[in-house]
Each structure stands twice: as C-alpha cells, then as structure tokens.
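S.K.: Counted the way our numbering counts, the sequence shown spans residues 276 to 470. All C-beta atoms in this analysis are idealised placements derived from N, C-alpha and C, irrespective of residue type, glycine included. Just so we're clear, the structure is a prediction, and the values are computed from it rather than from any experiment. The following block contains the structure, expressed as structure tokens.
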Amino acid sequence: MGETIVLLATAPERAALEAQGWSVTARSFGAQLDADRIDRPRLRALVDRVAEVGTPRALDSDDVAAVLELDALTARDYPGSVATQHEPLDRGTATPSASRPAFGLLTAQGELVAMTYVDVDGPLAETAFTVVHPAWRGRGLAPAVKAWSVLALADAGTTRFRTGGSAENAAIRSANAAVGYVVDEEWVTLEPGRP
Ligand SMILES: CC(C)(COP(=O)(O)OP(=O)(O)OC[C@H]1O[C@@H](n2cnc3c(N)ncnc32)[C@H](O)[C@@H]1OP(=O)(O)O)[C@@H](O)C(=O)NCCC(=O)NCCS
C-alpha cells in the first residue's frame with residue numbers, strides 16, 4: 276500500500292494536503308456509548324432475538340482454535356482502507372485476557388459463528404473487531420454479541436465504550452446503532468495524487 280494519512284475529517288491539515296493534490300480515498304467513523312446511557316432492556320432484547328441460534332458468552336483460551344478458524348475464514352471481509360484494516364489474529368492476539376476480553380456466539384452444534392474482541396483500559400473499552408461467519412450474516416448476530424459484551428463489561432465496571440469502522444460498512448453501522456452507539460467522529464484517509 277502507498278503513502279496514506281488518516282485524519283479527522285475536520286483536521287486543519289486536510290485542506291493543505293488536498294491543495295497539494297492529496298485526495299480522500301476512504302472514510303471511517305468513531306462512535307461512543309456511555310454506560311449511564313445503556314438501554315439494558317433493549318440490549319437484552321437484541322440477545323434474546325437470536326436465542327434460537329445461541330446465547331453469547333465470554334470466550335476463553337479453550338476457544339482459540341475456533342477463533343483462529345473463523346478469523347482465517349473472514350480475514351478479507353473487512354471493508355475500508357488502512358484506518359479500518361483487520362490484522363489477522365495469531366495465537367497470542369486470539370487469546371482473551373482481562374485487557375482484551377472477547378465474546379462469542381456458538382450454535383447448538385458448538386460452532387463459533389460470531390465474535391467481538393474488545394480492548395479494555397481501566398474504565399474505557401474499545402471494540403477491536405466484530406465478525407460473523409459469512410453463512411450467518413444478516414440475522415442480528417453482530418448486534419447480539421456486541422450487546423452482550425456491553426452488558427458484561429458495564430457490569431464489570433466499564434463506563435465508556437467506543438467502536439469504529441469503515442463509513443461504507445453499512446452492516447456494522449447498523450449493528451452499532453442498534454446497540455446504542457452514537458457516531459461522534461469522522462475520519463478521512465488521504466493519499467497523494469499520482470505523479
Ligand atoms: C459487519 C458484520 C459483523 C455484521 O454482522 P451481522 O450479524 O450480519 O449484522 P446484522 O445481522 O445486524 O446485519 C446488519 C445489516 O446488514 C445486513 N446484512 C449484513 N450481511 C448480510 C447478508 N450476508 N445478507 C443479508 N443481509 C445482510 C442486514 O440486513 C442488516 O441490515 P438492517 O440492520 O438494515 O436490517 C458482518 O457483516 C461481518 O462479519 N462483516 C465482515 C467483518 C466486518 O466488517 N466487521 C466490522 C468491522 S470490525
């Protein structure tokens with residue numbers, strides 16, 4: 276990939292770069308949900324809606340093989356540019372921990388079909404990524420695992436949740452809105468014009 280700069284859409288440097296021939300090649304967003312604004316009944320409803328498929332739960336080290344399999348299957352599914360790239364997981368980054376909890380949804384047959392990983396720093400939590408098995412998309416599994424993660428982490432003391440993604444990723448934007456995230460940042464990826 277060539278040279279890129281990711282800036283807030285409102286950053287003052289943007290105009291100067293565009294005047295020099297740089298142009299916007301991708302857009303991304305950040306969104307926030309504060310724990311005191313969580314609508315618990317709504318989040319529980321998002322989880323209940325998928326009860327026929329399964330109930331989300333925290334993932335642990337015993338799930339790593341299934342996580343790596345789902346990650347490999349979906350590695351090329353993340354839209355956007357450098358700002359929203361997904362780093363393929365390895366055994367280390369796939370292993371959930373206190374600072375990197377993960378939540379997943381398994382079918383009755385025990386197949387992991389949805390997962391969300393979160394980076395937790397004190398009272399702050401930021402979604403690292405969320406992904407659903409291609410055969411299971413469009414059934415509300417992403418909102419369900421994200422809702423479950425918010426409920427579980429709020430109970431454990433998280434007060435502020437952040438998430439983000441590619442502006443062109445309508446599916447994750449819609450899932451985030453269902454959970455209650457409010458978009459508060461827009462980012463642009465700039466690349467220099469061709470010589
Ligand atoms: C983004 C993603 C996690 C959404 O998961 P999901 O469980 O399919 O989400 P939902 O079921 O809530 O679907 C979200 C919307 O996309 C639509 N949709 C998504 N995938 C679909 C599919 N394969 N078929 C039909 N509709 C689909 C849904 O109809 C829904 O629209 P609506 O909210 O207007 O009803 C999933 O598409 C995915 O894994 N994408 C690749 C990884 C990625 O981009 N992750 C997000 C960045 S971290």
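So what does DSSP say about Pro470, is it helix, strand or coil?
M.R.: As a working note, residue 470 is residue 195 in the sequence shown. In this prediction, Pro470 has a pLDDT of 49, which is less than 50 and means its spatial position is unreliable; nothing more can be read from the coordinates.
S.K.: Under a Cβ-count criterion, where at least 16 other Cβ atoms within 10 Å of its own Cβ denotes burial, should Ala383 be classed as buried or exposed?
M.R.: Counting from one through the sequence shown, the residue named residue 383 turns up at place 108. Classification of Ala383: exposed, given that the 10 Å Cβ count is below 16.
S.K.: Here's the rule I'm using: 16 or more other beta-carbon atoms within 10 Å means buried, otherwise exposed. How should Pro470 be labelled?
M.R.: Here residue 470 refers to the residue found at position 195 of the sequence shown. Any reading at Pro470 must be qualified, since the residue scores a pLDDT of 49, below 50, and its modelled position is unreliable; no value is offered.
S.K.: Does ligand 1 have a heavy atom nearer than 7 Å to the CB of Asn444?
M.R.: The residue you call residue 444 lines up with position 169 of the sequence shown. Result yes, Cβ under 7 Å from ligand 1.
S.K.: Give the C-beta separation of Ala310 and Thr402 to the nearest angstrom, bearing in mind that I take them to be a contact with Cβ-Cβ under 8 Å.
M.R.: As a working mapping, residue 310 is identified with position 35 in the sequence shown. As a working mapping, residue 402 is identified with position 127 in the sequence shown. About 15 Å separates the two Cβ atoms, so there is no contact after all.
S.K.: Contact between the stretch 335-346 and the stretch 450-464: three or more CB pairs below 8 Å?
M.R.: no
S.K.: Ordered along the chain, which non-local residues of its own chain (more than five positions away) have a Cβ less than 6 Å from that of Leu381?
M.R.: The sequence position of residue 381 within the sequence shown is 106, counting from 1. Around Leu381: Gly329 and Leu387.
S.K.: What do you get for Pro316, buried or exposed, if any count of 16 or more other CB atoms within 10 angstroms of its CB means buried?
M.R.: As a working note, residue 316 is residue 41 in the sequence shown. Exposed: under 16 other Cβ atoms inside 10 Å.
S.K.: Closer than 7 Å: is that where the CB of Gly277 sits relative to any heavy atom of ligand 1?
M.R.: In the sequence shown, counting from the first residue as 1, residue 277 sits at position 2. The answer is no for Gly277.
S.K.: Secondary structure at Ile280, three-state DSSP: helix, strand or coil?
M.R.: Locating residue 280 in the sequence shown gives position 5, counting from the first residue. Looking at Ile280 - three-state DSSP - the assignment turns out to be strand.
S.K.: Could you tell me if Ser424 is buried or exposed, where buried requires 16 or more neighbouring beta carbons within 10 angstroms of its beta carbon?
M.R.: Locating residue 424 in the sequence shown gives position 149, where the first residue counts as 1. So Ser424 counts as buried.
S.K.: For Val328, is the beta carbon positioned less than 7 Å from some heavy atom of ligand 1?
M.R.: In the sequence shown, counting from the first residue as 1, residue 328 sits at position 53. No, since every heavy atom of ligand 1 falls outside the 7 Å radius drawn around the Cβ of Val328.
S.K.: Rounded to the nearest angstrom, what separates Ala340 and Glu362 at their Cα positions?
M.R.: For the purposes of this step, residue 340 is taken as the residue at position 65 of the sequence shown. For the purposes of this step, residue 362 is taken as the residue at position 87 of the sequence shown. Going from the Cα of Ala340 to the Cα of Glu362 covers about 17 Å.
S.K.: Short of 6 Å in beta carbon distance, which residues of its chain neighbour Thr370, apart from the five on each side in sequence? Order them along the chain.
M.R.: Position 95 of the sequence shown, counted from the start, is the residue given in the question as residue 370. Ser336 and Val339.
S.K.: Please work out which residues of its chain come closer than 7 Å, Cβ to Cβ, to Gly439, disregarding the five sequence neighbours upstream and downstream, and give them in chain order.
M.R.: Locating residue 439 in the sequence shown gives position 164, counting from the first residue. Excluding positions up to five away in sequence, the list reads Ser303, Phe304, Gly305 and Ala306.
S.K.: What's the call for Leu399, buried or exposed, on a 16-neighbour Cβ count within 10 Å?
M.R.: The count along the sequence shown starts at 1 and reaches residue 399 at position 124. It counts as exposed.
S.K.: Which runs of the beta strand (DSSP E) spanning at least 3 residues fall entirely within the stretch 408-467, listed in chain order?
M.R.: 435-441 and 457-466
S.K.: Compute every distance between the C-beta of Val244 and the non-hydrogen atoms of ligand 1, then say whether any falls below 7 Å.
M.R.: Nothing about residue 244 can be read from this structure; the chain reaches only from 276 to 470.
S.K.: Quick check on Asn451: buried or exposed, where buried means 16 or more other Cβ atoms within 10 Å of its Cβ?
M.R.: Translated into positions along the sequence shown, residue 451 becomes position 176. Buried is the call here.
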